[in-house]
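Here the structure comes first, spelled out in structure tokens, and everything after it is commentary.
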Amino acid sequence: MSEQDIEEMAHVAISYFDGTQRTAALVDREVPYPDGKLIVSRTDPQGIITHANQAFIDMSGYSEAELIGAKHCILRHPDMPAAAFQDLWDTIGQGNKWHGYVKNLRKDGAYYWVKATVIPNIRNSRLVGYTSVRRKPSRRKIEESEALYQTLLAAECKA
Amino acid sequence: MTYNLTVSPDFAPDHISGWYFFNTWLQRSLDMAIHLELYDSFEAQREAMRAGTFDLIYANPYDASMLVRELGFQAVARPASQADETVIAVNAASAYQTVEDLKPGCRIATTDDPDVHTIGMIMLESADLDSGNTAIKQHSSYVVGAKSLLNDDADVGFFLKAAYDQLSALIRSRMRVLVRSEIGVVHHSLLVGPRMAACIPAIQTALLTMQDNEKGRRVLDSMGVSSWEPMNSEQTEFMIDLIDTLID
Ligand SMILES: Cc1cc2nc3c(=O)[nH]c(=O)nc-3n(C[C@H](O)[C@H](O)[C@H](O)COP(=O)(O)O)c2cc1C
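Protein chains in written order, with the numbering used here: chain A, 1 to 159; chain B, 1001 to 1248.
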């Protein structure tokens, strides 16, 4: 971590849906999405990570051992509104494919944007988990999402 | 009873005879009659698959998805360390240095290879390009696609990496790779259909020990494959789930 990053670091409390909280160190630095790669992870039906590919490990800054068994909200960035994840869980809960733009928090406090797709994994008609595959988003989509999420977040804070 | 084998049309042309050797080798190993039918067109081959023509298919990942989920096929093996990756190339003299330099109206030279086309279009999304704001031209082969780049009839071309690497040195010297996929977990596989399901253990044993004898090794060599690796149903389902996230 550079000296500049440490100076710009802010500590923010993140509240999760299940009522737990953690303090995250934030750095206002975007890590560019690696060209040509897909970031892949799988979870069990409760959102606990069961698989992460190398691109996921590299971009999140966590080791594989730290990721497997962790809840997927380990990557949650405080700039993301709860409504986005509500929509994700509602959509996949109905057995459908979800697409969305997500700002993710790295272990070092920096962030990266992805275009994510999440699908339910069905085996012998039973839900066994979910797979998420992320790809590189366009700058225009990131800017649109930033504006939308700020509005949603402001509304959530008031409520 | 004679069974039918077919091979996804995206293999390199120098391996055609390899697939005939493979068919002969497989018939001897299993003591069964198998007929090999090759296609130039993915579309025509897919129609024949849907009509139930084949029992053994060396399939690209996109077709594997349909074969497993809709037609009851099972993947039994994959070629060792051969992932399917896509290359987007430009004319070496073009000004494009990154995908984000490409603009709406971009002319794309593609083929009817479904995986390569899908991944190619995904890699253009970061420039806000899609089928609605680009001019896509489908060519009959990667060589024809490469020529259209060299003639400046296209801004970018989509290639299966293995096919790109096999273009002549002269053609490649006049092209430049703009971006290449590094997905790693999407690959071809050999699938067995319901009529032949009882033979799966015999087929798997034959394939997985193929490199252990001189004859088998020579056949593998001629197909450009080092050896086969087993595939179980969860590995297959994982790959299909992944592909599912990539198609809308
Ligand atoms: C397969 C899958 C992948 C997910 N990927 C992410 C992710 O990359 N980043 C993220 O913040 N949340 C992701 N989530 C959503 C989290 O599970 C969680 O809902 C979210 O981070 C919000 O946290 P909360 O629900 O505890 O408030 C994913 C969920 C699933 C099922």
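No residue lacks a Cβ here, since even glycine has one placed at the ideal position from N, Cα and C.
Within chain A, partners of residue i - CB distance below 9 Å
i          : result
B/Met-1001 : In chain order: nothing, as chain A lies at least about 30 Å away.
B/Asp-1115 : Chain A residues near B/Asp-1115: none, gap ~13 Å exceeds 9 Å.
B/Arg-1180 : Asp-35 and Gly-36
Distance between beta carbons of residue j and residue i, contact taken as under 8 Å
i          : j          : result
B/Asn-1091 : B/Leu-1150 : 6 Å
B/His-1188 : B/Arg-1078 : 7 Å
B/Thr-1110 : B/Gly-1145 : 7 Å
A/Trp-177  : A/Pro-137  : The shown model of chain A, from 1 to 159, leaves out residue 177 of chain A, and the question about it has no answer.
B/Gly-1018 : B/Met-1231 : 20 Å between Cβ atoms; not a contact.
B/Asp-1112 : B/Phe-1042 : 5 Å
B/Ala-1083 : B/Gly-1157 : In fact, because the Cβ distance is near 20 Å, the residues do not count as touching under 8 Å.
Cβ-based burial, residue i [other Cβ within 10 Å; buried from 16]
i          : result
B/Ile-1240 : buried
A/Ala-155  : exposed
B/Ile-1200 : exposed
B/Met-1001 : exposed
A/Glu-7    : Note that A/Glu-7 scores 48 on pLDDT, short of 50, meaning its location in the model is unreliable; the coordinates nonetheless yield the value given after this. With fewer than 16 other Cβ atoms within 10 Å, it is exposed.
B/Ser-1008 : buried
A/Ser-125  : exposed
A/Arg-167  : This structure cannot speak to residue 167 of chain A, because chain A is shown only from 1 to 159.
B/Asn-1004 : buried
A/Ser-145  : buried
A/Asn-104  : buried
B/Gln-1074 : buried
A/Asn-53   : buried
A/His-99   : exposed
A/Pro-81   : buried
B/Gln-1045 : buried
A/Met-1    : Any reading at A/Met-1 is ruled out, since the residue's pLDDT is 49, under 50, leaving its predicted position unreliable.
A/Ile-92   : buried
A/Gly-129  : buried
A/Ile-210  : The structure shown does not extend to residue 210 of chain A, since chain A spans only 1 to 159, so no value can be given for it.
B/Gly-1193 : buried
A/Leu-26   : buried
B/Ile-1243 : buried
Interface residues of chain B facing residue i [CB-CB closer than 9 Å]
i         : result
A/Ser-63  : Chain B residues near A/Ser-63: none, gap ~19 Å exceeds 9 Å.
A/Val-114 : Those do not exist, as A/Val-114 stays about 11 Å from chain B at its closest Cβ, beyond 9 Å.
A/Lys-136 : Val-1099, Ile-1122, Met-1123, Glu-1125 and Ser-1126
A/Arg-123 : Ser-1233, Glu-1234 and Glu-1237
DSSP beta-bridge partners of residue i
i          : result
A/His-99   : A/Thr-117
B/Phe-1158 : B/Ile-1088
B/His-1035 : B/Asn-1004
B/Tyr-1096 : Bridge partners of B/Tyr-1096: none, in fact.
Within chain A, partners of residue i - CB distance below 7 Å
i          : result
B/Ile-1183 : Leu-38
Proximal chain B residues relative to residue i, where beta-carbon distance stays under 7 Å
i         : result
A/Thr-117 : Thr-1245
A/Thr-131 : Asp-1241, Leu-1242 and Thr-1245
A/Arg-140 : Asp-1128
Next on the checklist: Closer than 8 Å is the cut-off here; do at least three beta carbon pairs connect the stretch 54-66 of chain A with the stretch 24-35 of chain A?
Outcome noted: yes
Checklist entry - Should the stretch 1018-1030 of chain B be called in touch with the stretch 1161-1180 of chain B, which here means at least 3 C-beta pairs below 8 Å? => result no
Checklist entry - Using 8 Å as the threshold, is the stretch 1173-1190 of chain B in touch with the stretch 1069-1089 of chain B, meaning 3 or more CB pairs across them? => result Using a Cβ-Cβ distance cut-off of 8 Å, the stretch 1173-1190 of chain B and the stretch 1069-1089 of chain B are in contact, since at least three pairs of beta carbons, one from each stretch, lie closer than that value.
Item to check | Touch test, the stretch 1095-1105 of chain B against the stretch 1117-1136 of chain B, Cβ-Cβ under 8 Å, three pairs minimum | outcome: yes
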